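Colleague:
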Amino acid sequence: MKTSENRPAVTIHEIAQHLGVSSAAVSSVLSNRQVERRISDATAKRIREAIQKLGYVPNMAGRRLRSHRPATREFNLAILTSFEAPLPLVAQALHTLQAEADARSTQHTRHAIAIEMFHAGRLSEKPGLLDADRYHGVIITNTLPADDAFLAKARLPFPAVVLGRRIPGYFCVLEVPDFVGRRSAEVLLDAGCKNPAVIHGQLLTQATSERVSAFQRTIRARRKQPPAIIVSEGLQPHNAIVALDEFFAGGGRCDGLFAVTDSLAVGAYRVFQQRNLSIPGDVAVVGVGDHELAEFFTPPLSTLAGANDAMVSEAVPLLFHQLEGSSDRPREILVVPPVYLRESTQRRH
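Mapping of the sequence shown onto the working numbering: residues 2 to 350, in sequence order.
#1: Taking the beta strand (DSSP E) that PRO197 falls in, what are its first and last residues?
#2: Under the assumption that ASN143 contacts THR206 (Cβ atoms under 8 Å), give the Cβ distance between them as a whole number of angstroms.
#3: At which residues does the beta strand (DSSP E) containing VAL162 begin and terminate?
#4: Can the beta-carbon of VAL272 be found less than 7 Å from the beta-carbon of LEU302?
#5: For the beta strand (DSSP E) containing ALA115, name the first residue and the last one.
#6: Identify which residue in VAL243, SER264 and ALA260 has its Cα closest to the Cα of GLN275.
#7: Tell me which same chain residues have a C-beta within less than 7 Å of the C-beta of GLN237, skipping the five on either side of it?
#8: Going by C-alpha to C-alpha distance, which of PRO197, VAL286, GLU75 and ALA198 sits closest to SER106?
#9: Considering just the uninterrupted stretch of the alpha helix (DSSP H) at ALA100, what are its terminal residues?
#10: How is VAL181 classed by DSSP in three states: helix, strand or coil?
#11: Whole angstroms is fine: what's the gap from CYS173's alpha carbon to ALA266's?
#12: Who are the near neighbours of SER29 in its chain, counting only those whose CB is closer than 7 Å to its CB and skipping five residues on each side?
#13: Exposed or buried, PHE297, counting other C-beta atoms within 10 Å across all chains shown (16 or more means buried)?
#14: Are at least three pairs of beta-carbons, each pair with one atom in the stretch 114-133 and one in the stretch 176-196, less than 8 Å apart?
#15: DSSP three-state call for VAL261: helix, strand or coil?
#16: Compare the C-alpha of ILE231 against each of VAL213, ARG223 and ALA94 and name the closest.
#17: Who are the near neighbours of VAL162 in its chain, counting only those whose CB is closer than 6 Å to its CB and skipping five residues on each side?
#18: When burial is assigned at 16 or more other CB atoms within 10 Å of the CB, is HIS96 buried or exposed?
#19: Near SER328, what residues of its chain come up, given a Cβ to Cβ distance below 8 Å and the 5 sequence neighbours on each side ignored?
#20: On the CB-based measure, 16 or more other CB atoms within 10 Å of its CB, does GLN1 come out buried or exposed?
#21: Count the other CB atoms within 10 Å of the CB of THR299; is the residue buried (16 or more) or exposed (fewer)?
#22: Could you have a look at LEU66 and say whether DSSP puts it in helix, strand or coil?
#23: Where does the unbroken beta strand (DSSP E) through ALA79 begin, and where does it stop?
#24: So, do the stretch 275-294 and the stretch 127-137 have three or more beta carbon pairs nearer to each other than 8 Å?
#25: Less than 6 Å between C-beta atoms, sequence neighbours within five positions excluded: which residues of the same chain meet that for HIS1?
#26: Can you give me the C-alpha to C-alpha distance between HIS109 and ALA25, rounded to a whole angstrom?
#27: Helix, strand or coil: which one does DSSP assign to GLY21?
Here you go:
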């Protein structure tokens, strides 16, 4: 049984009656407190299955158990992202999520959307994350391995879609593994680069780590030697400037650079220009993200778009599909990022 968005919401009381358990038992499972309330695993499993099957939606203002039939279903949706991450993907997700919510709103259904932030690697410390009364559904992005490990162990009491990560037990939308790193290496090698390098931040997400590893493998396979690795403190242009200045001061050299974000490429442009190194003549550059100004760089930046549009277009309907009571098993959806080859890699051989 799936509830229609135009029908009043199912209540805890109705779920309890359906299963022959107490409303307190249902509430405890919704709040992930079944262990401390001594509810058996079998009963907790039955309750979770009924919650999903009947399409229960918690009322954030209070569940109003006495009325059993609230007139309006209010969905509180959120995008969870770290403070330290670039925001283009978040902006795209917010725009698409709001448009979909507006299209689905009716006299019986309302949606509120927020961006919730956490410190990278510390998602587990976010207050109320496991509270069933906090959200109805979330899109999660820009996590670090510590966050991914937490999510793999935790059971979020609401629908969730994870962007750019592969986490067991969740609906995940991510780019085809290895594509960005491998294709970036191929672009630089095809441009005739003999000494390619990669620059990335100290904190590596799952996606970034895969990009760097794929780049290294491709360069090693084609050049029989590994690329130079340049690590910046953060992902902002000034971080790239500091890291590249140290690289060159230490005797490093490169004629091709893979920047794992376009923001790092901006800093690289400044360093190369200050050192009178022409792009792409002396150094070819390829970035990731397709920043809105990438084609206006001097010269225009070759970049892989990071599949933001494609990931978001898959993730948002998938979240609403879960909100409607889908019983589909969690799965991965893979998308292929577009490649934009511009003047920063167009070298004359």
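Just so it is clear, CB atoms sit at the ideal spot from N, CA and C, and this is done for glycine as well.
Everything numeric in this text was worked out from a predicted model, so none of it was measured.
Modeller: Let me lay it out:
#1: The residue labelled residue 197 in the question sits at position 196 within the sequence shown. That run of the beta strand (DSSP E) goes 197-202.
#2: On the sequence shown, residue 143 is found 142 positions in, with the first residue counted as 1. On the sequence shown, residue 206 is found 205 positions in, with the first residue counted as 1. Your pair ASN143 and THR206 checks out as a contact, with CB atoms roughly 7 Å apart and the cut at 8 Å.
#3: Locating residue 162 in the sequence shown gives position 161, counting from the first residue. Here the beta strand (DSSP E) through VAL162 covers 161-164.
#4: The residue labelled residue 272 in the question sits at position 271 within the sequence shown. The residue labelled residue 302 in the question sits at position 301 within the sequence shown. No, they are not a contact pair.
#5: Stepping through the sequence shown from its first residue, residue 115 is reached at position 114. ALA115: member of the beta strand (DSSP E) spanning 110-119, first to last residue.
#6: Here residue 275 is taken as the residue at index 274 of the sequence shown, counted from 1. Closest by alpha carbon: VAL243.
#7: The residue given as residue 237 occupies position 236 in the sequence shown. Excluding five sequence positions before and after GLN237, the CB atoms of its chain that fall closer than 7 Å to its own CB belong to SER264, given in chain order.
#8: Along the sequence shown, read from residue 1 onward, the residue named residue 106 stands at position 105. If we check each option's Cα against that of SER106, GLU75 comes out closest.
#9: The residue labelled residue 100 in the question sits at position 99 within the sequence shown. Counting along the chain, the alpha helix (DSSP H) containing ALA100 begins and ends at 89-105.
#10: As a first step, residue 181 must be located in the sequence shown, where it is residue number 180. The answer is helix: DSSP assigns VAL181 an H, G or I state.
#11: What you label residue 173 is simply residue 172 of the sequence shown in a count that begins at 1. What you label residue 266 is simply residue 265 of the sequence shown in a count that begins at 1. Using only the alpha carbons, I get a separation of about 28 Å.
#12: Along the sequence shown, one-based indexing puts residue 29 at 28. The residues GLN35, ARG38 and ILE40, in chain order, have a CB closer than 7 Å to that of SER29 in the same chain once the five nearest residues on each side in sequence are set aside.
#13: Indexing the sequence shown from 1 puts residue 297 at position 296. Result: exposed.
#14: No, they do not touch.
#15: Within the sequence shown, residue 261 is the residue found at index 260, counting from 1. For VAL261, the secondary structure class from DSSP, reduced to helix, strand or coil, is coil.
#16: Here the question's residue 231 lines up with position 230 in the sequence shown. It is VAL213.
#17: The residue you call residue 162 lines up with position 161 of the sequence shown. Here the set comprises ILE140, PHE172, ALA316, LEU319 and LEU320.
#18: Position 95 of the sequence shown, counted from the first residue, corresponds to residue 96. With fewer than 16 other Cβ atoms inside 10 Å of its own Cβ, HIS96 counts as exposed.
#19: Position 327 of the sequence shown holds residue 328. Here the set comprises GLN53 and LYS54.
#20: Lying outside 2 to 350, the shown extent of the chain, residue 1 is not represented and no answer is given.
#21: If you number the sequence shown from 1, residue 299 lands on position 298. Exposed.
#22: Counting from one through the sequence shown, the residue named residue 66 turns up at place 65. Only weak support exists for where LEU66 lies, its pLDDT of 36 falling under 50; the value from the coordinates is given anyway. Looking at LEU66 - three-state DSSP - the assignment turns out to be coil, as it is neither helix nor strand.
#23: Numbered from its first residue, the sequence shown carries residue 79 at position 78. Taken as a continuous stretch (DSSP letters only), the beta strand (DSSP E) holding ALA79 covers 74-83.
#24: Note that the stretch 275-294 does not touch the stretch 127-137; fewer than 3 beta-carbon pairs, one per stretch, sit closer than 8 Å.
#25: Here the chain has residues from 2 to 350 only, and residue 1 is not among them.
#26: Along the sequence shown, read from residue 1 onward, the residue named residue 109 stands at position 108. Along the sequence shown, read from residue 1 onward, the residue named residue 25 stands at position 24. Rounded to the nearest whole angstrom, the C-alpha separation of HIS109 and ALA25 is 27 Å.
#27: On the sequence shown, residue 21 is found 20 positions in, with the first residue counted as 1. Secondary structure of GLY21 (DSSP, three-state): coil.
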